[in-house]
Amino acid sequence: MILLGNARIRFGWVKAHICIKGNEIEDTLARKAKTDRLLARLPFPKSYLKNQLLQLSLSRWQAEWGTGETGRSVYSIIPKISDKQMHWSRECIQFATGHGPFPRFLKRFGLHSTDYCGCGEIGNPLHYATRCPLTLSYHHKEPIPQFIVLW
Numbered sequence: 001m002i003l004l005g006n007a008r009i010r011f012g013w014v015k016a017h018i019c020i021k022g023n024e025i026e027d028t029l030a031r032k033a034k035t036d037r038l039l040a041r042l043p044f045p046k047s048y049l050k051n052q053l054l055q056l057s058l059s060r061w062q063a064e065w066g067t068g069e070t071g072r073s074v075y076s077i078i079p080k081i082s083d084k085q086m087h088w089s090r091e092c093i094q095f096a097t098g099h100g101p102f103p104r105f106l107k108r109f110g111l112h113s114t115d116y117c118g119c120g121e122i123g124n125p126l127h128y129a130t131r132c133p134l135t136l137s138y139h140h141k142e143p144i145p146q147f148i149v150l151w
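First residue of the sequence shown? That's 1 in full-length UniProt numbering, and the numbers climb one at a time after it.
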């Protein structure tokens with residue numbers, strides 16, 4: 001019943017047996033619960049609790065995704081999170097994230113000497129798909145500036 005009276009329960013992980021007072025108390029209570037065999041009675045079905053936890057997790061995840069500083073290129077494509085898997089090809093993922101065989105990305109990790117393409121421009125996915133003379137046969141029309149984020 002103590003848990004039901006506290007609406008601000010948070011789960012976390014800490015290393016075991018390193019004299020963290022709350023963790024040692026929790027270990028003691030867990031051992032006691034294991035031997036006492038008291039059954040917990042919830043005033044609602046387990047499926048309701050599972051659904052509530054899922055909704056809470058999704059709303060917190062969405063809030064973090066909406067205010068985050070990283071992953072903005074993907075955020076511009078997928079602003080709303082979901083627990084459903086998206087079946088993107090490896091190439092689409094690399095293009096959307098910029099994490100692939102692009103000089104701009106490889107330079108960040110010391111795997112390429114420069115961020116520039118062989119043609120002299122910054123080597124990122126948009127460059128290769130729209131402007132690079134070395135990939136001319138694969139080009140798409142470059143979007144106007146107001147639509148670059150959506151593209």
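In this text, a Cβ means the ideal position worked out from N, Cα and C, and glycines have one as well.
Check	Outcome
Please name the residue, chosen from CYS19, ILE122, PRO133, ARG131, that lies closest to PRO103 on a Cα-to-Cα basis.	ILE122
Can residue 231 and PHE95 be called in contact, C-beta distance under 8 Å?	The first residue shown for the chain is 1 and the last is 151, placing residue 231 beyond what the model contains.
Just verifying my parser: in three-state terms, what is the DSSP assignment at ILE25?	helix
In or out: PHE11 buried (at least 16 other Cβ within 10 Å) or exposed?	exposed
Work out the CA separation of LYS80 and ALA63 for me, nearest whole Å.	10 Å
When burial is assigned at 16 or more other CB atoms within 10 Å of the CB, is HIS127 buried or exposed?	buried
With a 10 Å radius around its C-beta and 16 neighbouring C-beta atoms as the bar for buried, classify CYS117 as buried or exposed.	buried
For ALA129 and ILE144, I'd like the C-alpha separation in whole angstroms.	14 Å
Starting from the N-terminal side, write out each stretch of the alpha helix (DSSP H) that is 4 residues or longer and does not extend beyond the region 68-116.	72-77, 90-97, 103-108
Start and end of the alpha helix (DSSP H) containing PRO45?	Run containing PRO45: none; DSSP gives neither H nor E here.
Quickly, what does DSSP pair ILE122 with across the bridge? List them, please.	TYR116
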